Amino acid sequence: MVCERIILDCDPGVDDSIAIFLALASPDEIKVDAITIVMGNHNDIDLLANNACLLLQMCNRSSDIPVIKGAKKPIAYAYHGHSGIKVHGENGIGNIKHPIKDFNQNPIEQYKDTSAAQFIVQHVLANPGEITLCAIGPLTNIGLAVSIGGERFIKSVKRVVLMGGSVGGHGNKTAAAEANLANDSHAGRIVFDAFPDITMVGLNCTRQLPLSQEIREKMRKLHAIGQFCFDITTHYTEILHSWNDPPCFNDPTAIMYLIKPDLFEGQRACVDVEDSGRLTSGQTVADWTGRWGRPLQTFVLMKVDRNGFEKELLDRLAKLTMFKPSSEDQLKRAEEQIEASEN
Ligand SMILES: [Ca+2]
Numbered sequence: 068m069v070c071e072r073i074i075l076d077c078d079p080g081v082d083d084s085i086a087i088f089l090a091l092a093s094p095d096e097i098k099v100d101a102i103t104i105v106m107g108n109h110n111d112i113d114l115l116a117n118n119a120c121l122l123l124q125m126c127n128r129s130s131d132i133p134v135i136k137g138a139k140k141p142i143a144y145a146y147h148g149h150s151g152i153k154v155h156g157e158n159g160i161g162n163i164k165h166p167i168k169d170f171n172q173n174p175i176e177q178y179k180d181t182s183a184a185q186f187i188v189q190h191v192l193a194n195p196g197e198i199t200l201c202a203i204g205p206l207t208n209i210g211l212a213v214s215i216g217g218e219r220f221i222k223s224v225k226r227v228v229l230m231g232g233s234v235g236g237h238g239n240k241t242a243a244a245e246a247n248l249a250n251d252s253h254a255g256r257i258v259f260d261a262f263p264d265i266t267m268v269g270l271n272c273t274r275q276l277p278l279s280q281e282i283r284e285k286m287r288k289l290h291a292i293g294q295f296c297f298d299i300t301t302h303y304t305e306i307l308h309s310w311n312d313p314p315c316f317n318d319p320t321a322i323m324y325l326i327k328p329d330l331f332e333g334q335r336a337c338v339d340v341e342d343s344g345r346l347t348s349g350q351t352v353a354d355w356t357g358r359w360g361r362p363l364q365t366f367v368l369m370k371v372d373r374n375g376f377e378k379e380l381l382d383r384l385a386k387l388t389m390f391k392p393s394s395e396d397q398l399k400r401a402e403e404q405i406e407a408s409e410n
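Residue numbers (the numbering used here): 68 to 410.
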């Protein structure tokens, strides 16, 4: 299997965090060229970017994977993802205290004057046909990249694999729409209009993968990073259960598709996004039979092997090791951070 180079566009985020760990734990299948940050689960882009940095630092990967900040608001309206802040917590990772922070290189610094959309265009044009855009947040950065880069950029993207939308079922942000699409329906429409090869990992698929207490306990028993996965999902699972919307593995499913496509079954359709409906803004609509007369640009994942997914997830996460400060200087900074987070 060829190792797939991706830009991971995300809003970390509880399930984003597990997705990032899964990607970092799968170096034979995925090379994360960069992590780009978009509003979604929170509207504080610095907070989301810092969460990405924290995860990279935990895995000692912050020196080779840059983090680039992107859109702070949807393309056509103000931020309205406040229910996401409730689900993911005020700090985006379940309101847990960070166990470590900032004790190795900060991967934001080198790109602080570049927007995520600009970076996406530049990186794709510099590596035509090689970069997959894996989007696990609202599609704002990629929609903006389409506006900046135009046809040459669109043609230079290898493919788009996104977690978002749903077919034949209900949403999670509204009755009709999944949160990533509902949080920026215009960007969603731009992306589904633009790209000829999209894989959609929607709620209709991810709801087959419950984030159960059992799997959380199995993650917890792995190691310190597994304990972190357990901790960040505590608030997340409790609040979703209280809303009668059982939690599931949303974002990690898109990463798992890149790693193990054999675990999934899907069907081609032309997918479009409703961007103006009174009740349906952000809803993905699939034309399975070509009645719109447009190419069936999207492979919609329909079914996933739950046992296979859970086994792969645990086997891969088990390979991660928590970064340990090696020098006196790193250790001192880590201790200062822990002390600061406790005050
Ligand atoms: Ca996300």
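Where is the CB? At the ideal position from N, CA and C, for every residue including glycine.
All figures in this text were calculated on a predicted structure; none of them were measured in a lab.
Since ALA202 sits in a beta bridge, which residues does DSSP pair it with?
-> For the purposes of this step, residue 202 is identified with residue 135 of the sequence shown, where counting begins at 1. DSSP, once it has assigned bridges, lists ASP76, LEU229 as partnering ALA202.
Since PHE331 sits in a beta bridge, which residues does DSSP pair it with?
-> Locating residue 331 in the sequence shown gives position 264, counting from the first residue. As DSSP reads the structure, PHE331 sits in a beta bridge with VAL371.
Take ASP78 and list the residues in its own chain whose beta-carbon comes closer than 6 angstroms to its own, dropping the five residues that flank it on each side.
-> For the purposes of this step, residue 78 is identified with residue 11 of the sequence shown, where counting begins at 1. Here ASP78 has VAL105, GLY107, ASN108, LEU115, GLY204 as same chain residues with Cβ atoms under 6 angstroms from its own Cβ, once five neighbours each way along the sequence are excluded.
Please list, in chain order, all residues of the same chain as ARG226 whose beta carbon is under 6 angstroms from its beta carbon, the five residues on each side excluded.
-> Counting from one through the sequence shown, the residue named residue 226 turns up at place 159. Apart from the 5 residues on each side of it in sequence, ARG226 sits with its Cβ closer than 6 angstroms to the Cβ of THR199, ASP264 in its chain, given in chain order.
Quick one: Cα of LEU122 to Cα of ILE282, how far?
-> Mapped onto the sequence shown, residue 122 falls at position 55. Mapped onto the sequence shown, residue 282 falls at position 215. The alpha-carbon separation between LEU122 and ILE282 amounts to approximately 20 angstroms.
Would you mind stating whether SER130 and ARG383 have Cβ atoms separated by less than 7 angstroms?
-> Here the question's residue 130 lines up with position 63 in the sequence shown. Here the question's residue 383 lines up with position 316 in the sequence shown. Cβ distance not < 7 angstroms, so SER130 and ARG383 don't count as in contact.
Residues bridged to MET267 [DSSP beta-bridge criterion] = Within the sequence shown, residue 267 is the residue found at index 200, counting from 1. LEU229, VAL367, per the DSSP bridge assignment.
Would you tell me roughly how many angstroms separate the C-alpha atoms of GLY216 and VAL99, rounded to the nearest one?
-> Counting from one through the sequence shown, the residue named residue 216 turns up at place 149. Counting from one through the sequence shown, the residue named residue 99 turns up at place 32. Going from the Cα of GLY216 to the Cα of VAL99 covers about 21 angstroms.
Residue closest to ILE49, alpha-carbon to alpha-carbon, out of PHE88, ALA101, ILE85 | One cannot answer for residue 49 here, as it falls past the ends of the chain, which runs 68 to 410.
Outcome for HIS155 when other beta-carbon atoms lying within 10 angstroms are tallied against a minimum of 16 = As a position in the sequence shown, residue 155 is number 88, starting the count at 1. Answer is buried; the Cβ neighbour count reaches 16.
Of all the options LYS139, ASN110, HIS253, SER182, which has the alpha carbon lying nearest to the alpha carbon of HIS149?
-> To locate residue 149, count along the sequence shown from 1; it is residue 82. Of all alpha-carbon atoms in LYS139, ASN110, HIS253, SER182, the one lying nearest the alpha-carbon of HIS149 is that of ASN110.
Considering only the beta carbon of each residue, do PHE366 and LEU330 sit closer than 7 angstroms?
-> Against the sequence shown, residue 366 aligns to sequence position 299. Against the sequence shown, residue 330 aligns to sequence position 263. For PHE366 and LEU330, no; Cβs fall outside 7 angstroms.
Distance, ALA119 Cα to ALA336 Cα = Within the sequence shown, numbered from 1, the residue matching residue 336 stands at position 269. Within the sequence shown, numbered from 1, the residue matching residue 119 stands at position 52. Pairing ALA336 with ALA119, the inter-Cα distance amounts to about 33 angstroms.
Contained beta strand (DSSP E) runs [length at least 3] in the stretch 85 to 138, N- to C-terminal order = Complete beta strand (DSSP E) runs here, min 3: 97 to 104, 134 to 136.
Could you name the residues of the same chain whose beta carbon sits closer than 7 angstroms to that of GLY293, not counting the 5 residues immediately before and after it, in chain order?
-> What you label residue 293 is simply residue 226 of the sequence shown in a count that begins at 1. Hits under 7 angstroms: MET286, ARG287, LEU384.
Closer than 7 angstroms by C-beta to VAL81: which residues in its own chain qualify, once you throw out the five before and the five after it? Chain order, please.
-> Taking the first residue of the sequence shown as 1, we reach residue 81 at position 14. Answer for VAL81: HIS155, ILE160, GLY161, ILE299, THR300, TYR303, listed in chain order.
Sorted by chain position, which residues of the same chain lie with C-beta nearer than 6 angstroms to ASN208's C-beta, five sequence neighbours on each side aside?
-> For the purposes of this step, residue 208 is taken as the residue at position 141 of the sequence shown. Within the same chain, Cβ atoms closer than 6 angstroms to the Cβ of ASN208 are found at ASP76, THR103, VAL105, GLY137, ALA138, ALA183, ALA184, the five residues on either side in sequence being excluded.
Less than 6 angstroms between the CB of GLY349 and some heavy atom of ligand 1, yes or no?
-> Position 282 of the sequence shown holds residue 349. Checking every heavy atom of ligand 1 against the Cβ of GLY349, none is found closer than 6 angstroms.
Secondary structure of LEU143, DSSP reduced to three states | As a working note, residue 143 is residue 76 in the sequence shown. Residue 143 is actually Ala in this sequence, not Leu. DSSP places ALA143 in coil when its eight states are reduced to three.
Sort out for me which residues DSSP pairs VAL352 with in a bridge.
-> Locating residue 352 in the sequence shown gives position 285, where the first residue counts as 1. Note: VAL352 sits in a beta bridge opposite ASP339.
Three CB pairs or more closer than 8 angstroms across the stretch 345 to 355 and the stretch 226 to 245 | Yes, the stretch 345 to 355 touches the stretch 226 to 245.
Is it true that the CB of ASP372 sits closer than 7 angstroms to the CB of MET230?
-> For the purposes of this step, residue 230 is taken as residue 163 along the sequence shown, with counting starting at 1. For the purposes of this step, residue 372 is taken as residue 305 along the sequence shown, with counting starting at 1. In this structure, MET230 lies away from ASP372, with their beta-carbon atoms at least 7 angstroms apart.
Among the residues of its own chain, which have a CB less than 8 angstroms from the CB of ASN410, if the five just before and after it don't count?
-> If you number the sequence shown from 1, residue 410 lands on position 343. Summary for ASN410: the model assigns pLDDT 49, below 50, so the residue's position carries little reliability; its value from the coordinates is reported in the next sentence. Within the same chain, ASN410 has no close Cβ partners at all.
Inter-residue spacing [alpha-carbon to alpha-carbon] between VAL228 and VAL268 | Taking the sequence shown and counting its residues from 1, one reaches residue 228 at position 161. Taking the sequence shown and counting its residues from 1, one reaches residue 268 at position 201. Straight-line Cα distance between these residues: approximately 7 angstroms.
Beta carbon shell of ligand 1 at less than 5 angstroms from a heavy atom | In chain order, the qualifying residues are ASP78, GLY80, ASP83, ILE203, GLY204, ASP318.
Look up VAL154 in the DSSP assignment and say whether it is helix, strand or coil.
-> In the sequence shown, residue 154 corresponds to position 87, counting from 1. Residue state for VAL154 is assigned as helix, using DSSP reduced to three classes.
Pick from GLU218, VAL338, LYS164, ASP95: whose alpha carbon is nearest that of CYS70?
-> Working through the sequence shown from its first residue, we reach residue 70 at position 3. Scanning GLU218, VAL338, LYS164, ASP95 for the CA closest to the CA of CYS70 turns up ASP95.
Does the beta-carbon of ARG358 have 16 or more other beta-carbons within 10 angstroms, so that it is buried, or is it exposed?
-> Residue mapping note: residue 358 aligns to position 291 of the sequence shown, counting from 1. With fewer than 16 Cβ atoms within 10 Å of its Cβ, ARG358 is classed as exposed.
Count the other CB atoms within 10 Å of the CB of ALA202; is the residue buried (16 or more) or exposed (fewer)?
-> Within the sequence shown, the letter at position 135 stands for residue 202. Using a 10 angstroms sphere on the CB of ALA202, the tally of other CB atoms reaches 16 or more, which defines it as buried.
Start-to-end residues for the alpha helix (DSSP H) that takes in ASN247 | The residue you call residue 247 lines up with position 180 of the sequence shown. Looking at the DSSP string, the run of the alpha helix (DSSP H) that includes ASN247 is 246 to 250.
Starting from PRO280, trace the alpha helix (DSSP H) both ways and give me its first and last residue.
-> Counting from one through the sequence shown, the residue named residue 280 turns up at place 213. Per the sequence presented here, residue 280 reads as Gln, with Pro not at that position. For GLN280, the enclosing alpha helix (DSSP H) begins and ends at 280 to 287.
Would you identify the three-state DSSP class for PRO277, choosing helix, strand or coil?
-> To locate residue 277, count along the sequence shown from 1; it is residue 210. DSSP, read as helix, strand or coil, puts PRO277 in strand.
Cβ neighbours of ASN250 in the same chain (closer than 6 angstroms, five flanking residues each side left out) | Within the sequence shown, residue 250 is the residue found at index 183, counting from 1. A distance below 6 angstroms between beta-carbons, with the five flanking residues on each side excluded, links ASN250 to the following residues of its chain, in chain order: GLY107, GLY148, PRO205.
Counterpart residues of VAL224 in DSSP-defined beta bridges = Residue 224 sits at position 157 when you count from the first residue of the sequence shown. DSSP lists ILE198 as the bridge partner or partners of VAL224.
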